[in-house]
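Q: Okay, so the sequence shown: first residue is 6 according to the numbering used here, each after it adds one. Let me give you the structure first, and then I'll get to my questions.
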Amino acid sequence: MAFQADTIIGSDGLESNFDPQAYLWDFYQRVDDPAMQMMIMLLPTIAQRIDCCDNLLDFGAGPTIYVSIVFRNKATNIYLADYLPQNREELLRWKAGESAFDWTSVLKMIATVEGSGWLQLKDMEELTKSKVRSIFHCNCHIKPSISAPKTLQNNFDMVVSILCLEYCCSSETEYREAVGNVADQVKPGGELQAPFAKFNVIDCRVGL
């Protein structure tokens, strides 16, 4: 089943209609979409400018691993979270080396921006896998927004969210509440990175 780019699936129909494999194939096999290209090529620049940290959360990762790849050298522990069970299952398959999807095109783009060349693509992916500690259910409309152990709740050094909250919200009020719920997962002094967020919510540093 191909993912039809001209068909919009509402958030209320995601769980029954979203096909992770079709989505990955259409958007990440060759990365032809200009928005996807911009996003993947911008993130390594952001990663280069931040300090290393212990715990990083990719909130709303979908079935994708490019955020984890980009931040693999910046975080000791990487956690992924998504609302859809089929996306979490795909992430588990990838971590176990059982995914049918080939991330080579994306790895090449990231390696090119990093200036590391294409000879270490496998090492990039394997290092990332070794740092992914767990995959959680998440929901930006509730508190707590992730189903994680208490030791991790509200205790992430960095939370990254790319084009997730925008899709899940139907109004500015709902969006701001969702951003607040996700930002709550950042510990004091940590950072929320949402480079493509609406309403000028781009980079929030949580106060001490």
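Idealized CB from N, CA, C, for every residue including glycine.
(1) Which runs of the alpha helix (DSSP H) spanning at least 4 residues fall entirely within the region 72-136, listed in chain order?
(2) Is it the case that the region 35-50 contacts the region 97-104, given that we only count it when at least three CB pairs across the two stretches are under 8 Å?
(3) For the beta strand (DSSP E) containing N60, name the first residue and the last one.
(4) In the structure shown, what three-state DSSP assignment does F32 receive?
(5) Between which two residues does the beta strand (DSSP E) containing P193 stretch?
(6) Grab me the residues of Q9's own chain with a C-beta within less than 6 Å of its C-beta, minus the 5 sequence neighbours each way, in chain order.
(7) Find the nearest neighbour of P68 within the set E119, Y33 and T81, judged by alpha-carbon distance.
(8) Below 8 Å on the Cβ atoms is my guess for G65 versus D87; work out the distance and round it to an integer in Å.
(9) By DSSP's criteria, I45 is part of a beta bridge. Which residues make up the other side?
(10) Looking at L85: is its Cβ nearer than 8 Å to the Cβ of S73?
(11) Keeping to the same chain, check which residues put their C-beta closer than 7 Å to that of P49; ignore five residues upstream and five downstream.
(12) Just mark Q190 as buried or exposed, buried being the case when its beta carbon has 16 or more other beta carbons within 10 Å.
(13) According to the Cβ coordinates, are I83 and K127 closer than 8 Å?
(14) In this structure, how does DSSP classify C173 when only helix, strand and coil are distinguished?
(15) How would you label I147, buried or exposed, when you count the other beta carbons within 10 angstroms and need 16 or more for buried?
A: With the structure as the only source:
(1) 90-100, 109-119 and 126-136
(2) With the cut-off at 8 Å, the region 97-104 and the region 35-50 do not touch.
(3) Mapped onto the sequence shown, residue 60 falls at position 55. Per DSSP, N60 belongs to the beta strand (DSSP E) from C58 to F64.
(4) In the sequence shown, residue 32 corresponds to position 27, counting from 1. Helix at F32.
(5) Residue 193 sits at position 188 when you count from the first residue of the sequence shown. That run of the beta strand (DSSP E) goes V191 to Q198.
(6) Along the sequence shown, one-based indexing puts residue 9 at 4. With a pLDDT of 44 at Q9, under the threshold of 50, the modelled position of that residue is not reliable, and no figure is offered here.
(7) Within the sequence shown, numbered from 1, the residue matching residue 68 stands at position 63. Nearest of E119, Y33 and T81 to P68, Cα basis: Y33.
(8) For the purposes of this step, residue 65 is taken as the residue at position 60 of the sequence shown. For the purposes of this step, residue 87 is taken as the residue at position 82 of the sequence shown. Right, the Cβ-Cβ distance comes to about 6 Å (below 8 Å), so this counts as a contact.
(9) For the purposes of this step, residue 45 is identified with residue 40 of the sequence shown, where counting begins at 1. None, per the DSSP bridge assignment.
(10) Position 80 of the sequence shown holds residue 85. Position 68 of the sequence shown holds residue 73. Yes, the Cβ-Cβ distance between L85 and S73 is below 8 Å.
(11) Along the sequence shown, one-based indexing puts residue 49 at 44. So the list reads V75, I115, V118 and E119, once near-sequence residues are dropped.
(12) Position 185 of the sequence shown, counting from 1, holds the residue named residue 190. Residue environment: Q190 is assigned as buried (16 or more neighbouring CB atoms within 10 Å of its CB, all protein chains considered).
(13) For the purposes of this step, residue 83 is taken as the residue at position 78 of the sequence shown. For the purposes of this step, residue 127 is taken as the residue at position 122 of the sequence shown. No. Outside cutoff.
(14) Reading the sequence shown from its first residue, position 168 is the one you call residue 173. Three-state DSSP puts C173 in a helix.
(15) To locate residue 147, count along the sequence shown from 1; it is residue 142. Flag for I147 reads exposed.
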